[in-house]
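One structure below.
There are 2 protein chains.
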Amino acid sequence: MDALNSAPARRSGQLGEEIEERIVTGVYPPGMRLDEQELATAFGVSRTPVREALIQLASSGLVEIRPRRGATVPEMSADRLCEMFEVMAELESMCGRLAARRILPAEQARLQEAHQACEAARDAGKPDLYYQLNEVFHRCIYDASHNGFLAEQATALHRRLRPYRRLQLRVRNRMDTSFSEHAAIVDAIIAGHGEQAAELLQKHVVVQGERFTDLVATLRQMNAPAAPEALATP
Amino acid sequence: MDALNSAPARRSGQLGEEIEERIVTGVYPPGMRLDEQELATAFGVSRTPVREALIQLASSGLVEIRPRRGATVPEMSADRLCEMFEVMAELESMCGRLAARRILPAEQARLQEAHQACEAARDAGKPDLYYQLNEVFHRCIYDASHNGFLAEQATALHRRLRPYRRLQLRVRNRMDTSFSEHAAIVDAIIAGHGEQAAELLQKHVVVQGERFTDLVATLRQMNAPAAPEALATP
DNA sequence: ACGATTAATCTTGTATACACAAACAAAACT
DNA sequence: AGTTTTGTTTGTGTATACAAGATTAATCGT
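If you're matching them up, the sequences are chains A and B in order.
When you line the first sequence up against numbering that gives the first Met the number 0, it's residues 0 to 233, in that order.
When you line the second sequence up against numbering that gives the first Met the number 0, it's residues 0 to 233, in that order.
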């Protein structure tokens, strides 16, 4: 029963976000069974809100519900992850292309501001902070595309890929290369070079997803620590 | 209470699809309030499965749930629709580019088969049938991209845009132009010309979304017929 | 008569209860 | 001994009941 940590009771929308957080941070690792009753007692609520949260998360792909067989955290194969990064790259690329054409002066300022904040984090050698500011940076580009629907889609996918991207930032000095790539991207967007921005963003994202070995290693690393019984893959 | 037609009782997953169907076919028009109790009695089930279905539909954007204020069919502005078509065009384009590189012989056969089926529907002058086979055709391309995640995303968005695309097919002789565009797309994919396929698909989709006047007219037409009280936008 | 405040009603959000289906285990039969 | 069958148990799916917030209506005050 104590596989799921107990936590203070939360309100409606909060519950889903808390479960999502625990999934993307690996507290509930891929393959883990999510028992409604357990979650309910763990969060100090009844089964109903838990069920609704799980259904919501299932629609966005973060959990998998099979009828009459309960909910589990889906195991993302390396293939699947590559597919998702491939799509992410295209969405980011599109955002960049549109942003270069449509960005407003105020948004230019915010973009450069976010970029400089990243620089500070890099210089300070704080990968966690950099990771956080990196999200802000990318969101600036999404917004500058002036396509609200696209921005939503990109944000959602970005969120889903968070845990995998996060681990990648730690290895090597990815922070440095990431930042210099950012610099080129900012220049292209400000200069209004749509295709160039698109290309740069495509590579920027693909780099994170294309190395099979790194990814598989990342996956193994994420699967290892917790849920010993759920990891048997027969 | 009889704003929502009564229907025979359905089982779990079916309910969500039935509601979705009624939304995309305009039986539940944009702006309409979806009362849980009404839907429950209309479908002959309790509020619980209705609620779950609504939550699921909300995650995919087909209904809008505001906390403590119930569910409504979201009003899609012309702007919003254009945004969605813009993204759809990019996804289709990406599918085409990948398909040209990765399509297998068996998939080539299925693609051409679907294309010929469309031709038959056009020659027979059956827009409804063409519309249906058009979906099959596009799904062939999604699958041929060999990116399952991308295929899922494209399919989902395609579904959401269904009602708007459908109306567009009726006006003019869109069937003819659509079919000849399809022909060029098939050729490009079979020939392995990724960029060309991407471009053609981009235009093929954008054509449907880019004409503001047509779209706005379409929207008006959809808003007009039903739900007289829900349409008041104060 | 009009506006504000309060009461009533309605709808959502949550909890509890029950029914059925699936997985597991044990026993009987081949 | 292996396999099938049946009983038990666990957990999901649906229904109903209750509580809290929101909307509407009515009443009171200015």
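Backbone N, C-alpha and C define an ideal beta-carbon position, used for all residues, glycine too.
Could you please give the first and the last residue of the uninterrupted beta strand (DSSP E) stretch that includes T154(B)?
As a working note, residue 154(B) is residue 155 in the second sequence. Run containing T154(B): none in the beta strand (DSSP E); it sits in the alpha helix (DSSP H), 147–159.
Checking contacts by CB at 8 Å: is M174(B) closer than that to chain A?
What you label residue 174(B) is simply residue 175 of the second sequence in a count that begins at 1. By this cut-off, M174(B) is not an interface position.
Check distances from the C-beta atoms of the region 50–71 of chain B to those of chain A and list, in chain order, the residues that come in under 8 Å.
R50, E51, I54, Q55, A57, S58, S59, P66
Per DSSP, which residues does A70(A) bridge with? Please list them.
On the first sequence, residue 70(A) is found 71 positions in, with the first residue counted as 1. According to DSSP, A70(A) bridges with L33(A), I64(A).
Going by beta carbon distance, what residues of the same chain come within less than 6 Å of A52(B), once the five residues before and after it are set aside?
Here the question's residue 52(B) lines up with position 53 in the second sequence. Excluding positions up to five away in sequence, the list reads L14, G15, I18.
Terminal residues of the continuous alpha helix (DSSP H) containing I54(B)?
Position 55 of the second sequence holds residue 54(B). 46–58 is the extent of the alpha helix (DSSP H) around I54(B).
What does N146(A) reach in chain B if we use C-beta pairs closer than 8 Å?
Locating residue 146(A) in the first sequence gives position 147, counting from the first residue. E82, E85, V86, listed in chain order.
With S144(B) as the anchor, note down where its alpha helix (DSSP H) starts and where it stops.
Within the second sequence, the letter at position 145 stands for residue 144(B). S144(B) -> no alpha helix (DSSP H), and no H or E assigned at all.
Distance CB(L90(B))-CB(Q152(B)) smaller than 8 Å
Position 91 of the second sequence, counting from 1, holds the residue named residue 90(B). Position 153 of the second sequence, counting from 1, holds the residue named residue 152(B). Cβ distance < 8 Å, so L90(B) and Q152(B) count as in contact.
Going by other Cβ atoms of all chains shown within 10 Å of its Cβ, with 16 needed for buried, is P48(B) buried or exposed?
To locate residue 48(B), count along the second sequence from 1; it is residue 49. Under this definition P48(B) is a buried residue.
According to the Cβ coordinates, are L160(A) and A183(A) closer than 8 Å?
Taking the first residue of the first sequence as 1, we reach residue 160(A) at position 161. Taking the first residue of the first sequence as 1, we reach residue 183(A) at position 184. Cβ atoms of L160(A) and A183(A): not closer than 8 Å.
Can you name, in chain order, every residue of its own chain whose Cβ lies under 6 Å from the Cβ of Q195(A), other than the five neighbours on each side?
Mapped onto the first sequence, residue 195(A) falls at position 196. Excluding sequence neighbours, Q195(A) sits near A187.
In three-state terms, what does DSSP make of K202(B)?
Residue 202(B) sits at position 203 when you count from the first residue of the second sequence. It is helical.
Within 8 Å, strictly: CB atoms of M93(A) and V204(A)
In the first sequence, the residue the question calls residue 93(A) occupies position 94. In the first sequence, the residue the question calls residue 204(A) occupies position 205. The answer is no: Cβ separation not under 8 Å.
Contact between the region 141–150 of chain B and the region 76–85 of chain B (3+ Cβ pairs under 8 Å):
no
Starting from L110(B), trace the alpha helix (DSSP H) in both directions and tell me its first and last residue.
Position 111 of the second sequence holds residue 110(B). First-last of the alpha helix (DSSP H) with L110(B): 104–123.
Assumed close pair H114(A), F136(A) - CB separation to whole angstroms, cut-off 8 Å:
Translated into the one-based positions of the first sequence, residue 114(A) becomes position 115. Translated into the one-based positions of the first sequence, residue 136(A) becomes position 137. About 6 Å; that satisfies the 8 Å criterion.
With a threshold of 16 other CB atoms inside 10 Å of the CB of S58(A), please say whether the residue is buried or exposed.
If you number the first sequence from 1, residue 58(A) lands on position 59. S58(A) should be labelled buried.
If you compare alpha carbons, which of Q111(B), T40(B), A197(B), S76(B) is closest to F178(B)?
Here residue 178(B) corresponds to residue number 179 of the second sequence, with the count starting at 1. Checked all of Q111(B), T40(B), A197(B), S76(B); the closest Cα to F178(B) is Q111(B).
If we count the other Cβ atoms within 10 Å of its Cβ and call it buried at 16 or more, is Q55(A) buried or exposed?
For the purposes of this step, residue 55(A) is taken as the residue at position 56 of the first sequence. That one is buried.
Return the CA-CA distance between M259(A) and P73(A), expressed in angstroms with no decimal places.
Residue 259(A) falls outside the range modelled here, since chain A spans only 0 to 233, and no answer is possible.
List the residues of chain B whose Cβ lies closer than 9 Å to the Cβ of R79(A), in chain order.
Start at 1 with the first residue of the first sequence, and residue 79(A) comes out as number 80. Ordered by position in chain B, the residues that pass the 9 Å Cβ test against R79(A) are G147, F148.
Inter-residue Cα distance where the pair is Q107(B) and T71(A):
In the second sequence, the residue the question calls residue 107(B) occupies position 108. In the first sequence, the residue the question calls residue 71(A) occupies position 72. Taking the straight line from one Cα to the other gives about 36 Å.
Could you compute how far the alpha carbon of E20(A) sits from the alpha carbon of A77(A)?
Along the first sequence, one-based indexing puts residue 20(A) at 21. Along the first sequence, one-based indexing puts residue 77(A) at 78. For E20(A) and A77(A), the distance between alpha carbons rounds to 21 Å.
Rounding to the nearest angstrom, what Cα-Cα distance links G25(B) and R68(B) in this structure?
Against the second sequence, residue 25(B) aligns to sequence position 26. Against the second sequence, residue 68(B) aligns to sequence position 69. If I take the Cα positions, the gap works out to 22 Å.
With a Cβ-Cβ cutoff of 8 Å, do T154(A) and Y141(A) count as a contact?
Reading the first sequence from its first residue, position 155 is the one you call residue 154(A). Reading the first sequence from its first residue, position 142 is the one you call residue 141(A). The answer is yes: Cβ separation under 8 Å.
Measuring from the CB of L200(A), is there a heavy atom of the ligand ZN at a distance below 7 Å?
For the structure depicted, the ligand ZN is absent and the ligand set is empty, with no information on it obtainable.
Residue-level contact to chain B via CB, M75(A), 8 Å cutoff:
For the purposes of this step, residue 75(A) is taken as the residue at position 76 of the first sequence. Cβ-Cβ to chain B under 8 Å: no for M75(A).
Where P126(A) falls: helix, strand or coil (DSSP):
Within the first sequence, the letter at position 127 stands for residue 126(A). Note: P126(A) maps to helix in three-state DSSP.
Which residues in the same chain as E180(B) place their Cβ atom closer than 6 Å to its Cβ, once the five residues preceding and following it in sequence are excluded?
In the second sequence, residue 180(B) corresponds to position 181, counting from 1. Cβ neighbours of E180(B) beyond the five flanking positions: H203.
Using a Cβ-Cβ cut-off of 6 Å (strictly less than) and excluding sequence neighbours within five positions of L132(A), which residues of its own chain qualify?
Here residue 132(A) is taken as the residue at index 133 of the first sequence, counted from 1. A116, C117, A120.
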